[in-house]
Each structure stands twice: as C-alpha cells, then as structure tokens.
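Notes follow the structure.
Chains as they are written, first to last, in the numbering used here: chain H, 1 to 74; chain G, 75 to 977; chain W, 978 to 1102.
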C-alpha cells in the first residue's frame, strides 16, 4: 500500500523541515523583535511547533495506519 | 508557611493514591480489562520524559538563559515526525525479538553480544544516577521551599533529610509494581497507569501555575511580556544569543532527539510497556502536543517569577515560590504535587528499566559464567532486580549528598542525556546499516563513554574537590590538550556542547570505521539481516539460522525455570497450534529453539537467553560460508538440480538394466515358443501317420490283405514312436525338475558297458554293423545310478548304429582309465558331425545328419537326456572326430573317491 | 485324365498315405522328400498342385513356395502347405507367401482330398 508509504515519507520531510525551522540560523531571523508586545522568537517557535504537531496529527489520523500496513505477521 | 505535617500528609496521600492506581492497573491487567490499552494513556506515559527537570528546571533555565530550554522538547517533537520511519521500526523489531531494554536491543542486534549488553548497561546506570539524584534533590528542595518559606515551621527533623525518605518510598513503589513477577512480556501495567496519571497531574498543576501567573498575578501574558521587556535584564531573555548559543541550541536538540529514544525509561514506556503498536500513531502527535502544552507557560512563569520573586531565589524553585510569594499556598501545594509526580514517575520507571538491564545484562551473564544459576531461578531473578532498584536509588541518593548545589537541574539532566546519547549512533546504524558490526559498536560506544566521562562526569565530580585541581585545569599529565573542558584545545564551548561534540565524533567515527574494516561473525550477520532487512519480524522463526540438536523437554524445562512450568507449556502448546501440530509431537527444530530463546529473552535478555538455550540445545557453529550458502537461494537451486541430475543418471542406468532384462525375458520367451512349437511338431508327425492310415483302413474295408498289413504295421510303429517320444519328454521334464529318484551307488563302468553291448547285440546284427568292445580289467568304479548309466550307453550305441552305414558299419565301444576318472567312448564310421554342430547335438530335438537323407529314427531327445544324466554324475559328455572319419561320442565320469567308498 | 499332384514331405509314412489317398481319388502323384527335389520335379513338369510340407529338409516349404510364386511359368501351380507346427503365425506366413491353402497335421484324410479337389476345381473354372 504505497498510500501509507507516501504519508510516512511526508512525515520524514516534515522532520527535515522541522530540523531547519527549529534551529539556528533560521531562529536568528526571529530573535529580538516582538509582535504585539510578545517576544517574536517565543511566538514563532510555538506557532511552528503547533503547526508541526498538527501536521503530524493530520497525517497519522487519516484512515490507514502504518502499523496496520506492516502488521501482517500475525 | 505550610505545616510540615500537612505537607507530609498531602505527599503521603498522593503517593497512596498512586499505589492505588498502580494496584488497580495491575489487577485490571490480570483480568484482561487493561487500564492502559489506549493511545492516550500510552502518550501520557511517554510524558515520563518530563521530569522535575521540566517541571522546575525549565523555568529555572528560562529565568537565566531565556528560551534555550526549548530544544529539549523540540528534539523529541522532531523524532516523532519519524514515528513511522524510525520509532515504529524499533517497536516492531523489539516486539519481534522480545527486547526488554535498550541494552537488550543493541546486544541482540549485534550478535546477541553479552559485551554490548554489559557495556550499555554500565553506561546507562552511570549516566542515570545523576539524573535520579536530580529528581530526589528536586523533591527535597521543593519540600524545603514549601516548608521554609517565610520562616514557616522550620526545624523539623523529619524534613531535614527528606531525600532518604523520598528515595525509600520511590524504591518501594518500584519494587512493588516493577518486580512483582518475571514475565516474558516484562510489562508493568500498574506503573504505566500511575505514570499516566502523574502526567496529567504534572500538566494540570503546571498549567494552573501558568494561568495563575498570566491571569491572576498579571493582566494577561501580554502584560508579563510587556513588563519584562521594560527591564533590560529580562528583555535579554527574549533573544537567542550569538553563534555559540546557536551551537548549544543545536547540540541540545540533538541530545534530546537521542534521549527520547535512548533513555532507559523512555525505551521502557515507549517499547517495552507498549500494548499495541497502533497506539504509537496517535502518540506521534499527542506527545508533542503534551510537550507543547507543558512548555507553553514555562517562559511566562519564569518572567513573571523574575518580576515578582525577590532577587537571589533559586531559579529552580520559582514554580513554587511564585504562588507562595503571592500567598497562594494551595496552588503551591498543587505545584509541589506536580513536581513530585514528575520526579516520582521518572525515578520509578528509570529504576525498573535499569534493574531489568542490571539483572539481565550484568548479573545473570555473570552468574551464568560462574555456573551459579540453578533451579528455583525465578525468586533469584526477582531478588536481583529488587536489589538493583535499591542500589540504583541509593546511588542516586549518595550522588545528591556528595555533589551539592554545583549544577542546575538542567545541567545535570544534560550530562545524563549526553551519556545515553552514546547509544544513539549504534541504534541508528544498527537499524539501518547492515554492515554495522559488534566490534564497531563496542569501540564506538566505549570511546564515546570514555570521552563523556572525561569531559562531563569528571568535572562535575571534580568540582567537589576530590580530584587534583591540576587535572581539571591543566589536563591529564599536564597536557593542556587533555584539559577536560577544552579537549584538544577546543576552548570556549559550553561544557555539554564540548563533551557531546568530542564523544559523538569519536563514537560515530569508530562505529563506521571499525565496521568497515572488521568482518561480522555468522550470528552477527544473521541478526543484522533480521534487524535491518526483516524488521517486521516476518521471518523470525524461519530466518534464524540454527543447526544442532535439542530436546523439546529440555527446552520446556529450561524455560520453565524462569517463566514457570504452566506458562511455558502453554507457550509451547500455542506454538504447536500455530504450526497445526500435536504439542506432543512438536519437534525441537530452529523454530522451537527460537521460541525458547524468545521466551527467555523476555525474562533475562537476549544475550543471556542465548547462552542458556545453547546449554541445552547443542548448537553447531555455522560457518560464514555456510551462512552465505543457506542465504543464497540460487545455490540451493543449483544443489537441487545437481541432485536431480544424479537421480536422472541413476534412472537411466536402471532403465538400461530393465531393458536388458526385458530382452533376456523376450529371448527366453522366444526359446520357449520354439520349444513348444518343436514338441508340437514332434508329436503331430507320428499322429498324422497314425490318423491317416487309420482313416484309410476305415474307409477301405476291401483293401487287399498285404496292404492292410503294411498300413497296420505303420500305425503300430508310429504309435511306438509316439510312446517313446512321450517317455523321453517325461524323462527330460523329470530330470530338469529334479524329481527323478537317483539310486547312487558304486558302479563299474566296464560292467555297465558290457551289459549294454550285450543288450543291443540284436540291433547291430539286424543292421549288420560290427561292434567292437575294448574293456580292460582294471577299470575304476564311479558313483552313479546304474540304470541311468545303462540308459546312456544304450543311447550312444543305438545312435552309432543309426548313423553307421548298413552292412559296412563299424562301431567301437571303449572304456579307459584316466587320471582321475573313467572315459567311455563310442566311435562309428558314419558321416560324422560338423564342428559347428557338435555342441548343438546335445540340445533337445536337434538331429544333425545329412539333411538330404531321410530322417533318422529317434525322438531327438536321447543325447540331451544322456548329457543331463552324465552331468548329474559330475561328468562330461562331448563329441569329436573319429580317426576313421565318423563321430566319437565321449563320456567322462569322475573316479569314485576312496574315502567315499570307505564310508 | 486326373490332375497331377506333387507331394513334398520327408516323413515316408505320411508320403505313403498321401500317395495312396490321392491316387485313390484319381490324381497322378509324384513324391519328393526335400526342397531341392521338389523344385526340380516342378521344373521338369509343373504339377497342377503341390502338397508342400513346411519342415522339409534342404530348402524349407516357405522357400519352395516363394520360388514357385516367383516363377511366372508356374503361375498355374496351386500350393497347399502342410505343417505339424500349429499356430496362426505359421498359417499367416504361408498364405502371405502365396499358398492357396494351409493344412495342419494331423489332418482328416477326407477333408484333405476334398480341399485339393475344390482348389483344383476353382482353378479350372
């Protein structure tokens, strides 16, 4: 079932994107400034974090589990 | 501010509640209505990751360094993106091989190596002790804060040494719910239930404090940020520092990514305690969401506390002091319980996981090696584990006492992270790179650990003043290149970043380098294939290469020592059912040996299980070449075709043999047909004459007397011929079937010859053939049937008469002594016999003569019968040319032995 | 004038009986006792019919029969084979070689004469 494989690969890509977004030098782009009085870095990190988490949820909560896919042994 | 008695009651009550939850969890597990069979509970149990370090330490770190507490939680979030590509694989492969710990996973992957298991265990224990100490310290500190704040009820002796009490309670909990039984699955549902509950308490209490800070103390979070930004010292926390801070950030992200997989307690809850693989799916986002939620208020709380709490307060206690300062002691108590939960769940799960590793990967192999592991093993195993829990907790306690107040919570935690992170390259290479070898992993992990100890552990202990300051400040042997904080001159980095860099560099380089230059053993190669290529565990029975001898009874007995007789029998019966076989007939093959190993692995780890099973299953070593041969299916096909070829060759040989046999049979059949046809001819010929003349006589009553007489004479003569023929044929048949009664006696050949000559005298006279007899007096006797010998001589003489010319015929009968026998010859002066026919003449119905002359009389069986008789006497019969031109028929008979005559 | 018959057999008593029977039936009879003699007698004066024993010495009955059929001059010579060997194979072989009939010994004298008459009658018509 390539459907789950594609979703797994999207998650891997999300990991790669996350590594880039959660670390310097990208983080340096958001340091120091504030948005509506809130620290921009704080807002940025939690927003990206929320989005990443939501994307994981959207991907894995769709019908068809990776575990079921490979769960052919029993 | 809070009465110490009240505090103790609250803490005790809370711990009591945890005991109840754990008890219910265990009970439900027994009855099959699992409390933890849910993806939400699973995700909450994963939150054991958030310890008091998170609860108190994050705020402390945020208060001093801003947002750089976050990588510790962003790393796991990133790893969970790899849930399907990586975590699921660990889960699947661990379940397939009944992995019980991180040490077991690596040992199993690298050829069920006891060395790997031991090394990993030692590192895990050493790395975890500071971390456990950190939890104990956090609890005691928080108790102290609650008690001491604003003078309160100071001086109570009980509260002065709280660490020991905390340690005792947590150890008791771990022993009660972590070592209740030895089980192949190694699951502790009670503990998981309690941990999940504690995770809720952690989150709720922390969020409560956060909301309190934002809503009650300040006018919303924006207010906190606004007021913080007004203070230059606090506004600094909004920023991420320069390149060095960036490198620290990246290092921490990496450490957290490694830790979420490698920490013994994380492996315990994520892999070992996992009830259903599918729970991981929802946990993939629930756990990051939990991390996000619990971290959301860290920064605001820190800022709020810094704005509220007097300067000089221990940053790691801000979560407690913030409500206390505001006068909300109830909230402070809730925060205390949250922190207690965080610490308790970590200590319990960590000690249980470590006790399994210590028992399975250190003590049991040692006992096995010394041969001390005998009957009644289960209580021994449980004892070892309980002792291990106590020892680990005690080590933590000792560490707290010895290493005081030097590092913050987070720093201690990071040192631990760096220790277990040494396993990370081994796991990743182990699961994705088949060529990764045991030697490489042993080298890499050892090197990494040594560097970790030197750069991170040593300074943390050394700062206590037990080590020469020279070592820390100037490096070993005074070499500045060996300074623990600036190895090889790499100065200026955060100690953790520095240590992680060097240890990881050496670790990874050694694994890759050594693996590229050292070959794998056969077992290693087999395990590597199972972990890298067949991580689904699809071929776990068939894939394992095993050759040797084993008795199922031995296996059952062995496993029974550890898991109990009934459970073991049940497992083997299940295996038999799976294969559709009678349990009694279950063969001890690779499958059952693997089953035994898997069951044992669940109890004592794969490396020890292998040693134990090998003790009853006498496994023969499988050479590398053989492994390749077995793995390579084409060679198997070649083997088949070779065998087929050999078989077809054998078949061809058999076919040729059969063909020959068939030809012989057909030849015999043809000969039989010929014989039947000949007999038929010989019988029909006289019958034809008899019938014809009989009918002529019948049809012609008026036939003249002369003719009538002539015809009747013919009928009589042909009848006689027929009779002779039938008699001869019966004779042949009787001799051939062996039903003739032979009256063997001592016979004088000369006497018999004389008798026969006398008897046939009239025949010779009738045909006017001369018969000369030459019989010397001293002729030896022979052993024969007298009548039969007589028959032979008569036959030879009458033959001679038959072929001798009328009136001019001359037949000579001679008997002479020879070396060891007697020869009788009958010579005639007839036409003789061509050399080509001389053998044939003794065959049945062969009459050789001048073909153009009329047929001679006789059945054609006489000579055949004669030869048979002579051969029965042990003699020979043959024909040769006579000097006179005719034929000489010879008979040779053996002389009767003296001994025989005496007897 | 009766038809001429050549009897070829090596059993003197059988020859004697056949000679008597056939003479009595009004045929002219000559007798020979081997294959070569039979062919010589046929060449000398082709008979209307040859009673030919299969197992005569020299050239056997089959060979003689073949020889007769191979010679166009002897087209009108009928051949009746006599044999003491039973079996269908011998019968088939004789007939396939061009024999007009095939009689197994021992035979009924009346039937033999009847057959000879019939064959000769059929040939005449």
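We treat Cβ as the ideally placed atom computed from N, Cα and C, and that holds for glycine.
{"Query": "Would residue 125 of chain G be called buried (16 or more neighbouring beta carbons within 10 Å of its own) or exposed?", "Result": "buried"}
{"Query": "Run down chain G in chain order and give the residues with a C-beta less than 8 Å from the C-beta of residue 8 of chain H.", "Result": "158, 159"}
{"Query": "In the DSSP assignment, what are the bridge partners of residue 848 of chain G?", "Result": "G:888"}
{"Query": "Whole angstroms is fine: what's the gap from residue 826 of chain G's alpha carbon to residue 785 of chain G's?", "Result": "38 Å"}
{"Query": "With a Cβ-Cβ cutoff of 7 Å, do residue 1060 of chain W and residue 1041 of chain W count as a contact?", "Result": "no"}
{"Query": "Determine, using beta carbons only, whether residue 268 of chain G and residue 96 of chain G come nearer to each other than 7 Å.", "Result": "yes"}
{"Query": "Does the region 327 to 339 of chain G come close enough to the region 45 to 65 of chain H to have 3 or more Cβ pairs within less than 8 Å?", "Result": "no"}
{"Query": "Taking the alpha-carbon positions, what's the residue 796 of chain G to residue 853 of chain G distance?", "Result": "38 Å"}
{"Query": "Only counting the same chain, and skipping five residues up and downstream in sequence, which positions put a Cβ closer than 7 Å to that of residue 564 of chain G?", "Result": "572"}
{"Query": "Here's the rule: buried if 16 or more other CB atoms are within 10 angstroms of the residue's CB, otherwise exposed. What is residue 525 of chain G?", "Result": "buried"}
{"Query": "List the residues of chain W that residue 762 of chain G touches, going by C-beta distances under 9 Å, in chain order.", "Result": "988, 990, 991, 994, 1059, 1061, 1082, 1083, 1084"}
{"Query": "Taking 7 Å as the CB-CB limit, is residue 375 of chain G close to chain H?", "Result": "no"}
{"Query": "If we count the other Cβ atoms within 10 Å of its Cβ and call it buried at 16 or more, is residue 615 of chain G buried or exposed?", "Result": "Note that residue 615 of chain G scores 43 on pLDDT, short of 50, meaning its location in the model is unreliable; the coordinates nonetheless yield the value given after this. When all chains shown are included, residue 615 of chain G counts as buried."}
{"Query": "Would you please verify whether the beta carbon of residue 877 of chain G is less than 7 Å from any beta carbon of chain W?", "Result": "no"}
{"Query": "Name the residues in the region 17 to 38 of chain H whose C-beta lies less than 9 Å from a C-beta of chain G; which are they?", "Result": "17, 18, 19, 22, 23, 24, 25, 27, 28, 30, 31, 32, 33, 34, 36, 37, 38"}
{"Query": "In angstroms with no decimal places, state the Cα-to-Cα distance between residue 680 of chain G and residue 181 of chain G.", "Result": "7 Å"}
{"Query": "What residue range is occupied by the uninterrupted alpha helix (DSSP H) comprising residue 327 of chain G?", "Result": "317 to 336"}
{"Query": "Which of the three DSSP states, helix, strand or coil, is assigned to residue 173 of chain G?", "Result": "coil"}
{"Query": "Assuming residue 961 of chain G and residue 889 of chain G are in contact, meaning their beta carbons sit under 8 Å apart, how far apart are those beta carbons, in whole angstroms?", "Result": "Not quite, the Cβ-Cβ distance comes to about 18 Å (not below 8 Å), so this is no contact."}
{"Query": "For residue 24 of chain G, name the three-state secondary structure that DSSP assigns.", "Result": "Not covered by the structure: residue 24 of chain G. The range shown for chain G is 75 to 977."}
{"Query": "Taking the alpha-carbon positions, what's the residue 105 of chain G to residue 115 of chain G distance?", "Result": "18 Å"}
{"Query": "Going by DSSP, which residues form a beta bridge with residue 1057 of chain W?", "Result": "W:1028, W:1078"}
{"Query": "Measuring only the C-alpha atoms, how far is residue 645 of chain G from residue 351 of chain G?", "Result": "22 Å"}
{"Query": "Run through chain W and tell me which residues come within less than 9 Å of residue 758 of chain G, C-beta to C-beta.", "Result": "1060, 1061, 1062, 1063, 1081, 1082, 1083"}
{"Query": "Can you round the beta-carbon distance between residue 606 of chain G and residue 505 of chain G to whole angstroms, since I take them to be within the 8 Å contact cut?", "Result": "7 Å"}
{"Query": "Which word fits residue 856 of chain G, buried or exposed, when buried means at least 16 other C-beta atoms lie within 10 angstroms of its C-beta?", "Result": "buried"}
{"Query": "Using a Cβ-Cβ cut-off of less than 7 Å, give me the residues of the region 287 to 304 of chain G that come near chain H, in sequence order.", "Result": "296, 299, 300, 303"}
{"Query": "Anyone know if the C-beta pair for residue 1045 of chain W and residue 985 of chain W falls short of 7 Å?", "Result": "no"}
{"Query": "So what does residue 1005 of chain W bridge to, in DSSP terms?", "Result": "W:981"}
{"Query": "Specify the secondary structure class of residue 822 of chain G as computed by DSSP and reduced to three states.", "Result": "strand"}
{"Query": "With which residues is residue 951 of chain G paired in a DSSP beta bridge?", "Result": "G:965"}
{"Query": "Buried or exposed: residue 595 of chain G, going by 16 or more other Cβ atoms within 10 Å of its Cβ?", "Result": "buried"}
{"Query": "Using the Cα positions of residue 930 of chain G and residue 721 of chain G, report the straight-line distance between them to the nearest angstrom.", "Result": "Caution applies to residue 930 of chain G, whose pLDDT of 48 falls short of 50 and renders its modelled position unreliable; the value that the coordinates give is listed next. When rounded, the distance between both Cα atoms is 59 Å."}
{"Query": "Examine chain W for any beta-carbon lying closer than 7 Å to the beta-carbon of residue 733 of chain G, and answer yes or no.", "Result": "no"}
{"Query": "Cutting at 7 Å between CB atoms, please list the residues of its own chain near residue 10 of chain H, excluding the five before and the five after it.", "Result": "59"}
{"Query": "What first and last residue would you give for the alpha helix (DSSP H) that runs through residue 188 of chain G?", "Result": "188 to 222"}
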